[in-house]
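For the sequence shown, position 74 (counting from the first letter as 1) is numbered 76 according to my numbering, and the numbering increases by one without interruption. Report on the structure given below.
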Amino acid sequence: AYALAESFHLPYGYWMTTTVVLVQQPYLSNSWIRALERVAGGVLGGGLAALLGMLFHSELALLLLIFPLAIACMAFRAVNYSLFVLFLTPLFVLILDLTHPGVREAPIAGIRALNTVIGGIVALAGCLLLWPGSEGDRLKQALADAIERSGKLAGVALSCVGNDVGPIRAARREAGLASNKADEARRRAALEIWWRRGELEAADETLAAIRRVAGTAV
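Quick look at the structure:
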């Protein structure tokens, strides 16, 4: 991202790099959703910044606008990432206008939107390059591990003699961790292969069976 910004002499290229840092995650499903949220919020926020810049010009008006925008950013930060970016973009643009008199909001908003879009594309490309593979394949492996661990727990429980519950506790912990990983893999797979409903429903049924086996064993 930094090389692209330098090569094409894009101003405020650090916005592109920041987008990559915030979007790219070791799972394509999570990165894809975060990229959509940031790009949508950045583009819409850029339009809002340009509109506010056309309507308000005085320093006092800009200061009065910055306060509710900052409040909105803090309010939506933990609620909705798209809305957070939507209000964060005009906040940055208006602050830049105050600190650099003569800067026009519309070009700055357009540059920020462009950097955000390119950064999102770079982040997704990096995710595909660094962590290749389908989330559906990872889900199958996670389910296989959970089945193996729950079967081991059942075997330990059936072969338990006396009051020594140490092996059962260890097997229960391993089965629980494997089941949690399979649940998380199912959640990510739903974001990446949402159209393969049959596989996802089969995964749900398998997870339910795994929990019944583990619960009965305990």
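The C-beta atom is built at its ideal place from N, Cα and C for all residues, glycine as well. As the structure is a computational prediction, the values presented were derived from the model and not from experiment.
Quick check on the burial criterion: 16 or more other C-beta atoms within 10 angstroms. Buried or exposed for residue i?
i, result
"Ile73", "exposed"
"Val23", "exposed"
"Ser33", "buried"
"Arg199", "exposed"
"Ala204", "exposed"
"Thr218", "exposed"
"Ala210", "exposed"
"Arg175", "exposed"
"Leu130", "exposed"
"Glu55", "Looking at the sequence provided, one finds Gly at residue 55 rather than Glu. Buried, by the Cβ-count rule."
With residue i and residue j assumed to form a contact (beta carbons below 8 Å), what rounded beta-carbon distance in angstroms separates them?
i, j, result
"Ser84", "Gly43", "4 Å"
"Tyr4", "Arg190", "The Cβ separation is near 29 Å, so there is no contact."
"Gly15", "Asn182", "Not a contact, Cβ separation roughly 40 Å."
"Phe78", "Phe89", "7 Å"
Considering Cα atoms alone, identify which of the options is closest to residue i.
i, options, result
"Pro109", "Leu100, Val119, Thr101, Val95", "Val95"
"Met18", "Ile35, Ala52, Arg40", "Arg40"
"Gly128", "Gln27, Glu8, Gly47, His11", "Gln27"
"Leu145", "Gly122, Arg188, Ala173, Val119", "Arg188"
"Leu67", "Ala80, Asp99, Arg174, Phe78", "Asp99"
"Ala115", "Gly49, Arg171, Phe86, Leu130", "Gly49"
"Gln143", "Glu186, Trp197, Asn165, Ala63", "Glu186"
"Ala180", "Thr208, Gly168, Val167", "Thr208"
Compute the distance between the beta-carbons of residue i and residue j, then report whether it is under 7 Å.
i, j, result
"Val215", "Ser152", "yes"
"Ala148", "Ile195", "no"
"Ala111", "Ala52", "yes"
"Leu155", "Ala177", "yes"
"Thr101", "Gly47", "no"
"Leu57", "Leu71", "no"
"Leu193", "Ser31", "yes"
"Val45", "Gly122", "no"
"Val158", "Ala173", "yes"
"Pro13", "Ile97", "no"
Could you spell out where the alpha helix (DSSP H) holding residue i opens and where it closes?
i, result
"Gln27", "Neither: Gln27 is in no alpha helix (DSSP H) and is coded neither H nor E."
"Leu193", "168–194"
"Cys75", "61–78"
"Gly153", "137–160"
"Tyr14", "Tyr14 -> no alpha helix (DSSP H), and no H or E assigned at all."
"Pro92", "83–101"
"Val215", "199–219"
"Ala5", "4–9"
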